[in-house]
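Asks:
There are 2 protein chains.
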Amino acid sequence: MTTQADRPADAAGTTWVLSFAEGHRGMADLLGGKGANLAEMTRLGLPVPPGFTITTQACRAYLAEGHEPEGLAEQVEEHLRRVEDAAGRRFGDPADPLLVSVRSGARFSMPGMMDTILNVGLTDETLPGLARRAGERFAQDCYRRLVQMYGRTVLGVDGQLFEDVLDQARQRAGVRDDQGLDAAALADVATRFRELLREHAGEDLPQDPREQLTRAVRAVFESWNSPRAVLYRSREGIDPNLGTAVNVVAMVFGNTGERSGSGVCFTRDPASGHRGAYGDYLTNAQGEDVVAGIRQPVPLARLADIDPPAYEQLMGHLATLENHYRDLCDVEFTIEDGRLWILQTRVGKRTAGAAFRIATQLVDEGVIDLDEALRRVTGEQLTQLLHPRFAADQERRVLARGLPASPGAAVGEAVLDSERAVEWAAQGRTVVLVRPETSPEDLPGMVAAVAVVTARGGLTSHAAVVARGMGRTCVAGAEGLQVDLERRVVTGPGGQVREGDVISVDGTAGVVSIGELDVEASVVAAALEDPGAAPDDELVEAVVRLLAHADLRRTTGVLTNADTPEDARRARRLGAEGIGLCRTEHMLLGERRHIVEDIVLDRDRETAFSRMHDLHREEFRGVLEAMDGLPVVVRLLDPPLHEFLPDLTELSVHAALEEAAGRADEDTARLLAGVRRWHETNPMLGLRGVRLVAVVPELYAVQARALAHATADLLEKGFDPRPELMVPLVAEAAELAAARRVIEQAVRAVADERGTTVSIPVGSMIELPRAALTAGEVARHADFFSFGTNDLTQTTWGLSRDDAEASFMPAYRESGLVPTDPFDSIDVDGVGRLVRIAVAEGRATRPDLGLGICGEHGGDPASVRFFAEVGLDYVSCSPPRVPAARLEAGRAVVLAEGASEADTR
Amino acid sequence: MTTQADRPADAAGTTWVLSFAEGHRGMADLLGGKGANLAEMTRLGLPVPPGFTITTQACRAYLAEGHEPEGLAEQVEEHLRRVEDAAGRRFGDPADPLLVSVRSGARFSMPGMMDTILNVGLTDETLPGLARRAGERFAQDCYRRLVQMYGRTVLGVDGQLFEDVLDQARQRAGVRDDQGLDAAALADVATRFRELLREHAGEDLPQDPREQLTRAVRAVFESWNSPRAVLYRSREGIDPNLGTAVNVVAMVFGNTGERSGSGVCFTRDPASGHRGAYGDYLTNAQGEDVVAGIRQPVPLARLADIDPPAYEQLMGHLATLENHYRDLCDVEFTIEDGRLWILQTRVGKRTAGAAFRIATQLVDEGVIDLDEALRRVTGEQLTQLLHPRFAADQERRVLARGLPASPGAAVGEAVLDSERAVEWAAQGRTVVLVRPETSPEDLPGMVAAVAVVTARGGLTSHAAVVARGMGRTCVAGAEGLQVDLERRVVTGPGGQVREGDVISVDGTAGVVSIGELDVEASVVAAALEDPGAAPDDELVEAVVRLLAHADLRRTTGVLTNADTPEDARRARRLGAEGIGLCRTEHMLLGERRHIVEDIVLDRDRETAFSRMHDLHREEFRGVLEAMDGLPVVVRLLDPPLHEFLPDLTELSVHAALEEAAGRADEDTARLLAGVRRWHETNPMLGLRGVRLVAVVPELYAVQARALAHATADLLEKGFDPRPELMVPLVAEAAELAAARRVIEQAVRAVADERGTTVSIPVGSMIELPRAALTAGEVARHADFFSFGTNDLTQTTWGLSRDDAEASFMPAYRESGLVPTDPFDSIDVDGVGRLVRIAVAEGRATRPDLGLGICGEHGGDPASVRFFAEVGLDYVSCSPPRVPAARLEAGRAVVLAEGASEADTR
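Spelled out as structure tokens, the structure:
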């Protein structure tokens, strides 16, 4: 990011500080969220204490240059003078000092940032003035608070040391809370606090009020790069170059007596959305005391009795704010000696359910339209609503924590291998498959289980991807989990379970617990899957209404990734408009892998191909029938064939042991030779996808023939099948052309044989950088492109997702080296750029080229918006993610319109 | 390629046929090489028989549509009429028939194409007319030749069948050659030939002369896609869409008696370049008889006695041609009854040595300038001249043939593992390392050996890359070679050798022979390495002169890839202007790999790092000293660390066997656990390069510190070291920034410690698509970019070079699916596009950004031209390839100028 701060030459002429009256809500980039809202309220005429904001640009300049930019000090001084004028007090005036608070305020709120220093401006010299105005005890309390906050946040003294001093003071005075400490005791505390500063930081609280202010501002700037803030930003994908603003505000006090107090409130209930103030109030207290919960606040409604005029005013301001922001607002206020001050407001956080409810309520109230309502809910929130969850307020015995790989809540007996999972499930038992990691061999077990837990692997590991695809709850990469397959026990940081013990898997939070937790089903999911049986529920209605609106607005189709008729039917109920990815390798697992083994090891290939053909034909027929009238895009075999063979190392050990025991076995030797021959150092970059045609030319012909026959079977029965075929791992147009010839020949042969017309468009996966870079050529042989963004991300980054997750990726995330995991959300700059190139050049060659995406990113809200923006015809995602994808595709349209509206405002 | 042929609507209006008088030499794309030269000679007024050329465009249209394009038949008829007029005979005229030859003529000459059908137009009806004109026996001989050629090339009848019939006829007649067969015997042969046609192709020679012509032309068109032609094109990188032209020429006969004859000659000696005709002549013969060598031709000079006027004329024509073409010409001619006809000319092929000699001779003769001379030699020819070779005319007992992976000729005892190679070499024995394939573990053996042979792996396999880098002769992927490590024998298609037997390895031809062959050293190499000792040799002078001119003209620097002082010195002697790639992993092989093992397995890391530091410091010092005053770009550790550990499968087998034998071993178990932990499914996409910083943060700091110390050591001694550091496998700018921080901190610490100024620019490898796609960002943290085109090719194509070579790549090459191997020569459309993007966007961010390339492509002539064109500052290649790179960098400039001259002509 190149900002003005990068050009120090301009510094002197730059505006680094704005008073509240000079800003507005639209300036959050420059003023931070808090500053922008303070300015907005000032503009609305609400009673905000006088103050000013030091911009994020000043912060960036400070961090870049290591010192305050030229002109900042002068501008702060100038604005301080204006605050003095407005408040009628002077900063540092011994007679009646102005005190200010210094608070950070970034674009996005962020834990780890320095929060607040109150009472800046208080010194030994100004203390008597404050005491004269508001009493000795109050002044001493203010002073010790300043020393404490300054010591902790500016000088980095351990906060516990201060608490210990307070504890001792309370014990000495024999009181339970600070309220019981008198002026002398508090003065003593402040003195001891200042000793702590000298002892641990080597310096005292500055006795120059201006130095206090300068150091506090600097501390806010520097807290931008505190480790916690850096980590939080990297996790949340917040740009590390934004910087924070600093708000300097005249102090108002809610703790000057019974006519004072502080409160926090919402303009409507953040759980249900019902209009009407909702919050807490505490007499004779500062804002932090309300939140800290040391004393019990009263419900906000009681303020009507305590201070009727203030309550009346507050209600008026809340109404003003909600009408102005057209949304639920979250407000902090203070009453000082009967005078109401609004200290902060922001659009309030809410639960996923409330987001949908409030959005539709505001529509009904005529405050916003349906487009705006759609902007205010997210696919992620919808996904949360679709999964069952564990009832709140249950005690959990956590076995281990891992990655929330596939959301949901499931309970079952732990089982440690696929075979046993299948066996127990067949006995009617409910099982959770727990594995070190999973491979395609584990698929039957994953199907049989209600949830999957792995010790290794990331959010895009085999377990995570497959579990999400099947809608199985999954926790992947559970930290510290050890699966002992010999002793049949699972050990985690929180305890141990034996195989057969019941565990509870929270795939939404990424937690595995010992024992059985209570599960609540999702009414929303039930309603979406079976609209006829939908209950008369406000939340269900809100979701259905906003989904319908999203469908109306979206220009991007939503297809699903499905390999079985069951998945296809479920996805269709959830709104899928076809299948964008039907993986033929999933039809060749379990016992059927021997078919591929026979082909690979060249054992009676003809029979193997014929079995493969018959199996495919039947499966294809089922899927096409389930999606009758809608497109079904079948992907030809993609994985390296040796994935269907035993593991080289395991087999080598087995063979060596057999031989050592004098039981050398001809079959094993032959198998081992075959496995060795087909072994690859980097299978991801090896003999896969379209490359298989060069080595096993019959393969794609057999698969195409099976699809053509399945189509003809359905046509004869009066169905409307719409099959398409896509060729994986194309790097060069000639590869696609060669595969296309094989496919077309096979399809034509079936059509001739059956005497019917079978039309199967052929497309190319775009999952290698070269395919994207030469898309203009590839498009000459393709009816459509389907972006395989998983593989495209792997090759563009040179990154094997599983290997990376096992080694350096966690460290990268911790240190913020990758702002967002490119496997979770599309990497717009790298992978996204290739997608744009391929879209533009593919369509230049062939304007009617179909364009879709079938990687995991098809279910990621942010990615869906990107794909809609670049103009793809459809996204394809796993069945459970279909509703969220529909919602996000609609949001992509209204957000783009909203953005352009904002631009022209 | 979109050609006019793709738009059939235009067909009728297209010119499909040009007479010789209508074309010229610059039209080779349309007329093919042969047709363009025939046209050129016609324009020059040389005696070319009348004829015309059917264009390559007609061929493309025919192949695209499956039939002759509209208008072609009419145009052929029209041009045939003109030939009739010029020859004074009519096609199909029974009284005096015009006969024509039909010959293919593509842009590039190509084996597998249908070559020639002579005497087209001869039928039962026209035969008597020809007999009346030239005699019965002659006519019958012409007829049987037509039937034979037509049967073989148009109808695809096995040629051997015709030879058998001729054999029988000769036996019956009791004569040794066809000359002895009389008219009746030849008539009988023709009859039997026609029976063969009917029997094997189901049809006779057409008795309509026009049908003969149409079918012959069609056969030429179709031969474009003959398997041999397809294979040849794919091997030579010739565009499969060019198509061939067809030349139809009035027959002239060199076999009508003693006043007739045929010859082939050169305008100067193709081996020495000396001016003066040079060739063979055969009386009473057709051209094919001269080449076939059945009768012994006489030296051309004898023609001066045989036919003085014809000889005089010919000498005049040869002079005309050489002056016109300004190059050595290769000419075919025929004398028919005392009249001289020139049938064909082309710029003549020559040996690598002759290319250099002739180019400089022509400069001395004032025919061409030095720029043109530079255009006429290639880096590949120069490379040939630099290697020793086996003396010609030796009998070879070929053990196996493979890929010419690293040129040269070497003889030594076969040895089957690295350890023994080192051991035997230490005893003073000369060894050739023969391995199934090589890994970094084999490096000591490769160093000890004079040549390397592998059974598996391609031109960019480990063995090939390392051998080229070290200048070791290498044959990789020897077909059918089996290395039996237990019985210590090597078996190939041509025999068997035991370990210790002598073999001869021809790395230039890719042949491994049994026994010792005589080797000739290269005088050119000796002269370049030691200019003072250069012999007074015309070839050496020519090479030195053209290299000097290339240095003068080139704008691209030539650096070398070198890891040792010896390699650095050698490269410097060969003209390298620095080191573009110094691989630190090569300093950690052999026994030293235990240092990395200690780090990986966390055994006394501190000592390991300290040993690594000291080793690096000494090696860096040596390399910097050898390149004093020139840049030395050191690459930080790149390979996955587990490459320094034992192989997982081997170790697993070992551990299992030990355990089964009750000898379970704590150390092995620990090692195995470590190897398992660091094992990766796709190491190429795993924990490598800059990613290591996240897991082993000390690594780059230690390497940077060692380089800084080495630099300071040399500075103190008064040297001028110019170190640079480059960071491998960057995908994201933040990675580079993080590594740069580590490096700068380490360098600063050394500078402070030593009290000296050490400046080490830091650059980024661009070897992942994402780095290229985000080059603008990466450049913010980089002083220079170095393109690693090996890895960039692997990820752009999603192709592991070793795995691909072992599985589908050979099939791809066979079928022409990849026009040129992207690992041999830069893939301009895909990888090259990324290079262009990175160059443009990197320089946009930072105009002074250094740009180089250090992949294997840095030594490939075609790639060097590409890199020069896109504006890289330098290429870096292995020492032996430095002269060729210098030459090609110069050629890039003059070829670009030549091209623009041609454009404006």
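Listed in order, the protein sequences are those of chains E and C. Taken in order, the first sequence gives residues -11 to 893; the numbers are from my numbering. Taken in order, the second sequence gives residues -11 to 893; the numbers are from my numbering. Note that CB positions come from ideal geometry on N, CA and C, so glycine has one too. These numbers come from a predicted model, not from an experiment.
#1: Could you round the C-beta distance between E:D836 and E:G545 to whole angstroms and report it? I think they count as a contact, below 8 Å.
#2: According to DSSP, simplified to helix, strand and coil, what is C:M575?
#3: Can we count C:V683 as close to the ligand ZN, meaning its CB is less than 7 Å from some heavy atom?
#4: With distances taken from CA atoms, which of E:S598, E:N778, E:D655 is nearest E:A694?
#5: For E:Q470, is the classification buried or exposed, using 16 other Cβ atoms within 10 angstroms of its Cβ as the cut-off for buried?
#6: Please name the residue, chosen from C:G109, C:E56, C:I105, C:V64, that lies closest to C:R77 on a Cα-to-Cα basis.
#7: Determine, using beta carbons only, whether E:M615 and E:R560 come nearer to each other than 8 Å.
#8: Per the DSSP calculation, C:Q332 is bridged to which residue(s)?
#9: Can you find a C-beta in chain C that's less than 8 Å from the C-beta of E:S427?
#10: Would you give the residue range spanned by the beta strand (DSSP E) that E:I502 belongs to?
#11: Considering only residues of the same chain and omitting the five flanking positions on each side of C:G578, which have a CB-CB separation below 6 Å?
#12: Using three-state DSSP, classify C:T544 as helix, strand or coil.
#13: Can the beta-carbon of E:N25 be found closer than 8 Å to that of E:M239?
#14: Is the distance from the Cβ of C:C317 to the Cβ of C:L288 below 8 Å?
#15: With burial defined as no fewer than 16 other Cβ atoms inside 10 Å of the residue's Cβ, what is the status of C:Q159: buried or exposed?
#16: Taking only beta-carbon atoms, is E:P671 less than 8 Å away from chain C?
#17: Can you tell me the Cα-Cα spacing of C:R327 and C:R125, whole angstroms?
#18: Quick check on C:G886: does DSSP put it in helix, strand or coil?
#19: Taking the CB atoms as reference points, tell me whether C:G242 and C:Q284 lie closer together than 8 Å.
#20: I need the boundaries of the alpha helix (DSSP H) containing E:F181, first residue and last residue.
#21: Classify E:T543: buried if its beta carbon has 16 or more other beta carbons within 10 angstroms, exposed otherwise.
#22: From what residue to what residue does the alpha helix (DSSP H) around E:R924 run?
#23: Could you give the residue range of the beta strand (DSSP E) that holds E:Q484?
#24: Would E:T637 count as contacting chain C if we go by Cβ distances under 8 Å?
#25: What residue range does the alpha helix (DSSP H) around E:D352 cover?
#26: Quick one: any contact between the stretch 848 to 861 of chain E and the stretch 810 to 817 of chain E, if contact means 3 or more CB pairs under 8 Å?
#27: Could you check how far apart the C-beta atoms of C:D170 and C:R121 are, in whole angstroms? I think they sit under 8 Å.
#28: Roughly how many angstroms lie between the CA atoms of E:A873 and E:V512, to the nearest whole one?
#29: Could you work out which residues of chain C lie near E:R758, taking near to mean beta carbons separated by less than 7 Å?
#30: So what does E:P287 bridge to, in DSSP terms?
#31: Interface residues of chain C around E:E668 at Cβ under 8 Å?
#32: For C:Y220, which option in C:V806, C:I841, C:V870 has the closest C-alpha, if you only look at C-alpha atoms?
#33: Does any residue of chain E have a CB that is nearer than 8 Å to the CB of C:L60?
#34: Quick check on this structure: which residue in E:E607, E:Q372, E:Y131 has the alpha carbon closest to the alpha carbon of E:R182?
#35: Using 8 Å for Cβ pairs, my map puts E:V135 next to E:A178. What's the rounded Cβ distance?
#36: Consult DSSP for C:N213 and reduce its assignment to one of helix, strand or coil.
Replies: Taking the definition as stated:
#1: At roughly 15 Å, the Cβ-Cβ gap does not stay under 8 Å, so E:D836 and E:G545 are not in contact.
#2: In this structure, C:M575 counts as helix in the three-state DSSP scheme.
#3: The model on display carries no ligand, and the ligand ZN is accordingly not part of it.
#4: Distances from the alpha-carbon of E:A694 to those of E:S598, E:N778, E:D655 put E:S598 closest.
#5: Exposed.
#6: Nearest of C:G109, C:E56, C:I105, C:V64 to C:R77, Cα basis: C:G109.
#7: Taking 8 Å as the cut-off, the beta carbon of E:M615 is found closer than this to the beta carbon of E:R560.
#8: C:E320, per the DSSP bridge assignment.
#9: With 8 Å as the cut-off, E:S427 does not count as an interface residue toward chain C.
#10: Residue range 499 to 502 is occupied by the beta strand (DSSP E) that includes E:I502.
#11: Only residues of its own chain outside the window of five on either side were considered, and among them P432 have a CB closer than 6 Å to the CB of C:G578, listed in chain order.
#12: Coil, per DSSP.
#13: No, these two residues do not count as a Cβ contact at 8 Å.
#14: Contact flag unset, no.
#15: So C:Q159 counts as exposed.
#16: Taking Cβ atoms only, chain C reaches closer than 8 Å to E:P671, which makes this a yes.
#17: The alpha-carbon atoms of C:R327 and C:R125 are separated by roughly 21 Å.
#18: In this structure, DSSP gives C:G886 a helical state, which the three-state scheme calls helix.
#19: Taking C-beta atoms as the reference points, C:G242 and C:Q284 fail to come closer than 8 Å.
#20: Start and end: 171 to 189.
#21: Classification for E:T543: exposed.
#22: Not covered by the structure: residue 924 of chain E. The range shown for chain E is -11 to 893.
#23: Bounds of the beta strand (DSSP E) holding E:Q484 are 483 to 486.
#24: Yes - at least one Cβ of chain C is within 8 Å of the one on E:T637.
#25: Bounds of the alpha helix (DSSP H) holding E:D352 are 340 to 352.
#26: With the cut-off at 8 Å, the stretch 848 to 861 of chain E and the stretch 810 to 817 of chain E touch.
#27: Cβ atoms of C:D170 and C:R121 stay farther apart than 8 Å, at about 19 Å.
#28: Distance from the CA of E:A873 to the CA of E:V512, rounded to the nearest whole angstrom, comes to 16 Å.
#29: Contact note: E:R758 reaches chain C through T784, W785, G818, using a C-beta cutoff of 7 Å and chain order.
#30: Residue pairing of E:P287 in beta bridges, as defined by DSSP: E:D268.
#31: Those are S788, D791, A794, S795, listed as they occur along chain C.
#32: Considering only alpha carbons, the answer is C:V806.
#33: Taking Cβ atoms only, chain E never reaches closer than 8 Å to C:L60, which makes this a no.
#34: The residue from E:E607, E:Q372, E:Y131 with its alpha-carbon nearest to that of E:R182 is E:Y131.
#35: Rounded, the Cβ-Cβ distance is 5 Å, consistent with contact.
#36: In this structure, C:N213 counts as coil in the three-state DSSP scheme.
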